[in-house]
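A.B. asks:
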Amino acid sequence: MDRFRNYDIAFVGLKAGKHDFNYEINQEFFDLFETEQEFFNPEISVNVLLDKHTTFLEFIFKVSGTVQLICDISNDEFSENIENDLKVLVKFGEEYDDSNEDVITINRKDSDFNIANLIYETVVLSIPMKKVAPSVKDNDEYQNLLDKYSPKIIEEEEEQVDPRWAALKKLKDNN
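Following this note's numbering, the numbering of the sequence shown begins with 10 at its first residue and continues without gaps.
Shown next as structure tokens:
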């Protein structure tokens, strides 16, 4: 965890109330995780608001910036603006537990909390599933291909109802 030390928030010395932390992250931050990303050249601002209470900590993450993506259709590079928010409660207990996505339990003896994974998740979740370059969206040829090969929603025909059930339903509706 030493490589994530810059993302530790020491909450023990802080007074109860709201505290603001700001981070500028780039590719160097994502390289710490040693995973493959679907984006490159990130320029992202992260604002972390810590609201310290006597029995728990409340973190609100606001992520905004730009990343470079590769279009799924044309393989062109393009810049995408991203924005995302995440709210997490941190409570104190006997051992670390992050099985609940909204509430994380940390040891009572801990004096700081590392937010690197939460920043990473917030950014990754803000990347769109479909990566379509603006030039493709404006191009009729590509739009026709998208329309042609996109999944179609098929409206289901009304089910044939057994006449005996229809008669019973009519009786039920009359009462």
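Note that the Cβ used here is the ideal one computed from N, Cα and C, for glycine as well.
Bear in mind the structure is a predicted one, so any value in this text is a computation, not a measurement.
Mapping DSSP to helix, strand and coil, what is T114?
C.D. replies: strand
A.B. asks: For R12 and L41, which I take to be in contact (beta-carbon distance under 8 Å), what is that distance rounded to the nearest angstrom?
C.D. replies: 5 Å
A.B. asks: Counting along the chain, where does the alpha helix (DSSP H) carrying S144 start and finish?
C.D. replies: 143-147
A.B. asks: Run through the DSSP bridge pairs and tell me what L58 is partnered with.
C.D. replies: Looking at the DSSP assignment, L58 forms a beta bridge with D29, I69.
A.B. asks: Three Cβ pairs or more, each shorter than 8 Å: is that satisfied between the segment 19-26 and the segment 116-124?
C.D. replies: Counting Cβ pairs under 8 Å, three or more are found: they touch.
A.B. asks: Out of F39, T131, F38, N116, state which residue places its alpha-carbon closest to the alpha-carbon of S73.
C.D. replies: T131
A.B. asks: Less than 8 Å separating the beta-carbons of I53 and V141?
C.D. replies: no
A.B. asks: What is the rounded straight-line gap between the Cα of D29 and the Cα of N93?
C.D. replies: Approximately 17 Å between the Cα atoms of the pair.
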